[in-house]
Structures are given as C-alpha cells and as structure tokens.
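Its first residue numbered 63, the sequence shown is counted upward by one per residue in our numbering.
Where a beta carbon is used, it is the ideal one built from N, C-alpha and C, also for glycine.
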Amino acid sequence: MHLNPYGEYAVLLAASLANDWPADRAGIVARTRDFGMTVDFPAASEDHLRVRGVIDDWLTVVDEPDPHRRAGILNDHMATASAYPRLTDHHDEGWHLHYRSDDARSLPHVLFAVISVGTALHVSTRGMHRLRRCAAGETPGDPCGAVVVDITRNGRQRYCSVRCANRAAVRRHRARGTADG
Ligand SMILES: [Zn+2]
Ligand SMILES: [Zn+2]
63 MHLNPYGEYA VLLAASLAND WPADRAGIVA RTRDFGMTVD FPAASEDHLR VRGVIDDWLT
123 VVDEPDPHRR AGILNDHMAT ASAYPRLTDH HDEGWHLHYR SDDARSLPHV LFAVISVGTA
183 LHVSTRGMHR LRRCAAGETP GDPCGAVVVD ITRNGRQRYC SVRCANRAAV RRHRARGTAD
243 G
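Laid out in structure tokens, this is it:
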C-alpha cells in the first residue's frame, strides 16, 4: 500500500472498518483491497478477533480530543507496531515505504502499522482535529457513533453524512423554536 503524504487511504480504511465491521476475515481482506493494499496475508484463525482489537485501539485515538494526549496514544501505537521505514517494490506497485519489517506480515500486524503511521501522517499534515466521531451523536439518544475522517478542503466536516447533518439541523431548529416560545 502506498501511504501518500497525507496518510489518507490508511485512515479511511480504519474508519471504514470501524463504521462497517466485516463479519469475517475474508471481509477484512476484501476491504484492504478496496483501499489499495496488495499484500497477501498468511491466514491465522485469530485474525478477525485481533484486527477488531487493532480497530478498538485506534478508536481510543479517535475518542481522545486533547491533541497532546492524542499524539501520545499514536506514539505508543507506532512504537509497538512499526519498525524503521523500508523501501519496497512488491507487486509492481512502484517503490514505496513500509513501516514494518518484511517478516511481520500477519493481517493484524500490518494493519496496526499502516493505520497508526497513516493516522499520524493524516493528523500531522491535515490537522490534529481532523478525526472525530460524528457530531450528531453528541446529542443524547442519537444513535450515530460513526467515525469522521475530515479530508475536506476547509477542514470543518463534523458529520458522517448529509443525513446526520440534516437531523442535527432539524434539532437545532426545533430547539430555537422552543426557546422563542
Ligand atoms: Zn506495500
Ligand atoms: Zn453520523
């Protein structure tokens, strides 16, 4: 996988797995293909469970609003998951960097490395605040807990979807109506 300078694909892959968790290992592998990964992962029976653990760890980054603490969690993840960068050209992808050793090829390990480094690239280049939960879910009782990766030009995306933005707008409108009597 090419981690572009913005880490965009890796962080979008993580959000996709968090927001729409695959039912089995094949579903996870298919998702990595959708987001541009070409490496073959040797299958292991605990892969599905362990990738869930990787995503749950990643969600602690999403749910930490303080930039310094968020950076601290990401640094811990990178210290655990990634090795020094290596140049590689597997599958005719063209030369690119891997942030793991060539023998660390299990599905959970590769995803942990790619997602932690990709997320660090995303927040360091686009902005520390560009990763969050959908703002609609901040209202008590609202069911949306989706992760929002903000890759917009102006960097002010707060909702996961138009549907959630509209629902929140309707609520604001109603609240104003009540206040006005
Ligand atoms: Zn690669
Ligand atoms: Zn939402």
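query: If you follow the alpha helix (DSSP H) that V113 is part of, which residue opens it and which one closes it?; result: D109 to V124
query: Would you report the Cα separation of P170 and S107, rounded to the nearest angstrom?; result: 11 angstroms
query: For A80, is the beta carbon positioned less than 7 angstroms from some heavy atom of ligand 2?; result: no
query: Does at least one heavy atom of ligand 2 sit under 7 angstroms from the Cβ of A77?; result: no
query: Count the C-beta pairs between the stretch 139-154 and the stretch 196-214 that are closer than 8 angstroms, then say yes if the count reaches three, no if not.; result: no
query: Using DSSP bridges, identify the partner residues of V211.; result: L193
query: Looking at the strands, I want to know which residues DSSP matches up with L79.; result: Bridge partners of L79: none, in fact.
query: Hey, could you find the ends of the beta strand (DSSP E) T150 is sitting in?; result: R148 to T150
query: Go to H160, then tell me how far its beta strand (DSSP E) extends in each direction, as first and last residue.; result: H158 to H160
query: Specify whether the stretch 98-115 and the stretch 132-142 touch according to this definition: at least 3 beta carbon pairs, one from each stretch, less than 8 angstroms apart.; result: no
query: Only counting the same chain, and skipping five residues up and downstream in sequence, which positions put a Cβ closer than 7 angstroms to that of N137?; result: none
query: Evaluate L159 with the Cβ neighbour count: other Cβ atoms within 10 Å of its Cβ, from every protein chain shown; 16 or more gives buried, anything less gives exposed.; result: exposed
query: Figure out for me which residue from Y221, V209, R114 and A230 has the closest Cα to the Cα of V124.; result: V209
query: Taking only heavy atoms of ligand 2 into account, decide whether any of them is closer than 7 angstroms to the Cβ of G203.; result: no
query: Could you give the distance in angstroms between the alpha-carbon of A166 and the alpha-carbon of S78?; result: 23 angstroms
query: Assuming A198 contacts A237 under a Cβ cut-off of 8 angstroms, what Cβ separation, rounded to an integer in Å, is found between them?; result: That pair is no contact at about 14 angstroms.
query: Where A88 and M99 are concerned, what is the direct C-alpha to C-alpha distance, given to the nearest angstrom?; result: 14 angstroms
query: Name the two residues that bound the continuous alpha helix (DSSP H) containing G69.; result: Element bounds for G69: n/a, residue is neither H nor E.
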